[in-house]
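Participant: Be aware that the sequence shown starts at 1, since it is given in full-length UniProt numbering, and climbs by one per residue.
Where is the CB? At the ideal position from N, CA and C, for every residue including glycine.
One structure, as structure tokens, below. Some questions next.
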Amino acid sequence: MSGDIDAALSETQKCHPSVLEAEEGLMMFKLRCRKFVELILEAGEMKKAMKPKSHAHPDVSDSDSEMVDGMDLGDDMSMDIDDGFSNGVSMSAAEKLGILAWDDPLEAGGSAAEVVGIEARIALANELNQAILKSQGRPPHPALETLCRHTAVCIQQLALMGVSAAPFIDMKREFIDI
């Protein structure tokens with residue numbers, strides 16, 4: 001969840017290599033796309049931190065090397081797209097490559113902010129976890145998660161049916177805070 005894609009890749013490669021190879025390497029491609037996003041974000045943060053306070057020309061910085069690394073990874077991703085991923089994957093990768101158009105994609109809003117946001121990182125982590133569970137022959141959603149989801153839907157349905165006590169049910173308190 002911290003955005004360390006290299007650690008996620010190495011741990012997955014070490015413990016669950018079949019997950020990265022499944023579906024013609026789709027999960028590996030998605031993780032590489034996220035690594036590209038993280039590199040671009042890191043380069044942007046470094047650029048912000050190193051803005052010159054005077055009119056002097058700054059030296060070549062770490063942010064430039066991060067940007068070059070990101071561009072190299074982007075070129076590799078473009079070649080992978082050409083090698084035959086589906087249109088949906090191609091469009092998703094194109095969105096990620098599109099963040100290069102902004103100095104700060106988070107401030108830009110819209111689809112750029114969605115691509116670089118924490119929600120996208122969490123969604124990929126969940127997708128990787130589900131792929132790992134599936135590779136082990138387990139259901140992609142743990143039983144406790146399924147129970148919580150079903151309970152939330154039941155509470156909503158009770159409230160819609162007019163059960164007066166339903167709005168007072170606090171799932172977090174009942175399941176988590178015990």
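Would you mind giving the Cβ-Cβ distance between C148 and M171, rounded to the nearest angstrom? I have them listed as a contact below 8 Å.
Facilitator: Stepping through the sequence shown from its first residue, residue 148 is reached at position 148. Stepping through the sequence shown from its first residue, residue 171 is reached at position 171. Contact flag correct, Cβ pair sits at about 7 Å.
Participant: Given a cut-off of 8 Å, decide if I132 and V19 are closer than it, judged by their beta-carbon atoms.
Facilitator: Position 19 of the sequence shown, counted from the start, is the residue given in the question as residue 19. Position 132 of the sequence shown, counted from the start, is the residue given in the question as residue 132. Going by C-beta atoms, V19 is nearer than 8 Å to I132.
Participant: Please confirm if the segment 96-113 is in contact with the segment 28-45, defined as three or more CB-CB distances below 8 Å between the two stretches.
Facilitator: Verdict: yes, contact present.
Participant: Under DSSP, the alpha helix (DSSP H) around D111 begins and ends at which residues?
Facilitator: Residue 111 sits at position 111 when you count from the first residue of the sequence shown. Residue identity differs from the one stated: residue 111 is Ser in this sequence, not Asp. Unbroken alpha helix (DSSP H) run through S111: G110 to V116.
Participant: Give me the Cα-Cα distance between A165 and R34, rounded to the nearest whole angstrom.
Facilitator: Position 165 of the sequence shown, counting from 1, holds the residue named residue 165. Position 34 of the sequence shown, counting from 1, holds the residue named residue 34. Rounded to whole angstroms, A165 to R34 spans 44 Å at the Cα level.
Participant: Would you call T12 buried or exposed, if buried means 16 or more other Cβ atoms sit within 10 Å of its Cβ?
Facilitator: By one-based count along the sequence shown, residue 12 stands at place 12. Flag for T12 reads buried.
Participant: What residues in its chain sit with their C-beta under 6 Å from that of S10, if we drop five residues either side in the sequence?
Facilitator: The residue labelled residue 10 in the question sits at position 10 within the sequence shown. Correct list: empty, nothing qualifies.
Participant: Between which residues of its own chain and Q130 is the CB-CB distance below 6 Å, once the five residues before and five after are set aside?
Facilitator: As a position in the sequence shown, residue 130 is number 130, starting the count at 1. Here the set comprises P140.
Participant: Kindly indicate which residue of A125, G98 and P167 has the alpha-carbon position closest to the one of A113.
Facilitator: As a first step, residue 113 must be located in the sequence shown, where it is residue number 113. Here the closest residue by C-alpha is G98.
Participant: Tell me the DSSP secondary structure of S10 in three-state form.
Facilitator: Mapped onto the sequence shown, residue 10 falls at position 10. Correct three-state label for S10: helix.
Participant: Do you know offhand how far I5's Cα is from A94's?
Facilitator: Working through the sequence shown from its first residue, we reach residue 5 at position 5. Working through the sequence shown from its first residue, we reach residue 94 at position 94. Taking the straight line from one Cα to the other gives about 19 Å.
Participant: Helix or strand or just coil, what does DSSP make of I169?
Facilitator: Numbered from its first residue, the sequence shown carries residue 169 at position 169. The answer is coil: DSSP assigns I169 none of H, G, I, E or B.
Participant: For M50, which of helix, strand or coil comes out of DSSP?
Facilitator: Numbered from 1 along the sequence shown, position 50 holds the residue referred to as residue 50. Coil, per DSSP.
Participant: Let me know if M161 comes out buried or exposed under the rule of 16 or more other beta-carbons within 10 Å of its beta-carbon.
Facilitator: Counting from 1 along the sequence shown, the entry for residue 161 is found at position 161. Counting Cβ neighbours within 10 Å, M161 comes out exposed, since fewer than 16 surround it.
Participant: Within 10 angstroms of its Cβ, does R32 collect 16 or more other Cβ (buried), or is it exposed?
Facilitator: Counting from one through the sequence shown, the residue named residue 32 turns up at place 32. Looking at its Cβ environment, which holds 16 or more other Cβ atoms inside 10 Å, R32 is buried.
Participant: When you compare the CB positions of A7 and L128, do they come within less than 8 Å of one another, or not?
Facilitator: Residue mapping note: residue 7 aligns to position 7 of the sequence shown, counting from 1. Residue mapping note: residue 128 aligns to position 128 of the sequence shown, counting from 1. No, Cβ-Cβ distance for A7 and L128 is not below 8 Å.
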